[in-house]
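Since the structure comes first, as structure tokens, the remarks are kept for the end.
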Amino acid sequence: MNPQELKSILSSGLLSFPVTDFDAAGDFNQAGYVRRLEWLAPYGASALFAAGGTGEFFSLAPDEYSAVIKTAVDTCEKSVPILAGVGGPTRVAIQMAQEAERLGAKGLLLLPHYLTEASQDGVAAHVEQVCKSVKIGVVIYNRNVCRLNATLLEQLAERCPNLIGYKDGLGDIELMVSIRRRLGERLTYLGGLPTAEVYAAAYKALGVPVYSSAVFNFIPKTAMAFYRAIAAEDHATVGKLIDDFFLPYLDIRNRKAGYAVSIVKAGAKIVGYDAGPVRAPLTDLLPDEYEALAKLIEAQGAQ
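Each residue of the sequence shown is one higher than the one before, starting from 52 at the first, in our numbering.
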């Protein structure tokens, strides 16, 4: 799959990030991950991101990273394209990018470089080096310490033909509008604020109709129904799901830093696809939070 073919796929439909399965000892559980991917793939997501933020990319050792990407690619080869998360220091990100390409990933999500603050030019150089290290398509994730502006993104798009997408995790509307207007159809645009469904209608109005859903991990039928309602501008359905599920869900998720991942793993366990505990420095939901989430999920019906 060449970068432009991937760009076309990412320009419509719902995207998601499967959680990464760990066993009771905290080690990668390949069998559980295969079961999860086989369950989720038929629900109709346009693409899945392996070892993304929700997949605890930040906690994976190099050998585990390779195992996660290979498992995802092999399991989903005939059903849904896999993009691999990459990030961290530039040379580490390049190693991951080349490994993901070698293992058959169709594209990359370039996550922030973490910790170190850097100038716009420095971040742009980091992105360019990763893009030029591979031939597959790259989506850049503007979030945290990665805050590229429209001018530099336009320059990167000119220098890196395989830079095909921009995912926004900042929520800076002025910046989003300037990027969308400046680069037009050169990139595909993805909503990446957690929890994406709450922002989906607003981003669609900005010309960003595609987003990645974390709740797809445990209520995939509902997640797809919400996406279809957004696409059809079915405001009644959107409003009901936001009121009945997403706002109470956010009340739990926002109680502790890191719960954006923890609550998804809890949801997966509730519906019978236990992915094991989160790894430190994240912490799992408390029992009362888990029970409150279970009631919200039960109310959504069978998936």
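Note that the Cβ used here is the ideal one computed from N, Cα and C, for glycine as well.
Because the structure is a prediction, the values reported are computed rather than measured.
For Ile348, the enclosing alpha helix (DSSP H) stretches over residues 338-350. Here Gly173 is exposed, its C-beta having fewer than 16 other C-beta atoms within 10 Å. A distance below 6 Å between beta-carbons, with the five flanking residues on each side excluded, links Glu340 to the following residues of its chain, in chain order: Ile303.
Membership of Ser263 in the beta strand (DSSP E) is indicated by the continuous run 261-264. The Cβ-Cβ distance between Tyr278 and Val259 does not fall below 8 Å. The residue from Val196, Val189, Ala282 with its alpha-carbon nearest to that of Leu65 is Ala282.
Spatial neighbours of Ala175 in its own chain (CB-CB distance under 8 Å, excluding positions within 5 residues in sequence) are listed in chain order as Leu199, Leu203, Gln206, Leu207.
Around the beta carbon of Leu160, 16 or more other beta carbons lie within 10 angstroms, which makes this residue buried.
Going by DSSP, Tyr240 is part of the beta strand (DSSP E) stretching over 239-242. In this structure, the CA atom of Val249 is about 33 Å from the CA atom of Thr141. Note that the C-beta distance between Gly158 and Ile187 is below 8 Å. Membership of Phe267 in any beta strand (DSSP E) is not indicated, and neither H nor E is assigned to it by DSSP. Between the beta-carbon of Ala148 and that of Val137 there is about 5 Å, and that keeps the pair under the 8 Å contact cut. Leu166 is classed as exposed because its beta carbon has fewer than 16 other beta carbons within 10 Å across all chains shown. Listed in chain order, the non-local C-beta contacts of Cys211 below 8 Å within the same chain comprise Val178, Glu179, Cys182, Lys183, Val189, local neighbours out to five positions each way being set aside. For Ala151, the enclosing alpha helix (DSSP H) has its first and last residue at 141-154.
For Asn195, the closest of Ile215, Tyr217, Leu221, Asn213 by C-alpha to C-alpha distance is Leu221.
The segment 92-107 and the segment 57-71 touch, with no fewer than 3 CB-CB distances between them shorter than 8 Å. Going by beta carbons, Ser263 and Gly243 fall inside the 8 Å limit. Secondary structure of Leu257 (DSSP, three-state): coil.
Between the alpha carbons of Ala311 and Leu336 lies a distance of about 10 Å. Under a 10 Å Cβ-count criterion, Glu349 is classified as exposed, with fewer than 16 other Cβ atoms of the shown protein chains found around its own Cβ. In the three-state reduction of the DSSP assignment, Ile191 falls in the strand class.
Here the alpha carbons of Gly103 and Ser170 stand approximately 24 Å from one another. The Cβ-Cβ distance between Gly216 and Leu234 does not fall below 8 Å.
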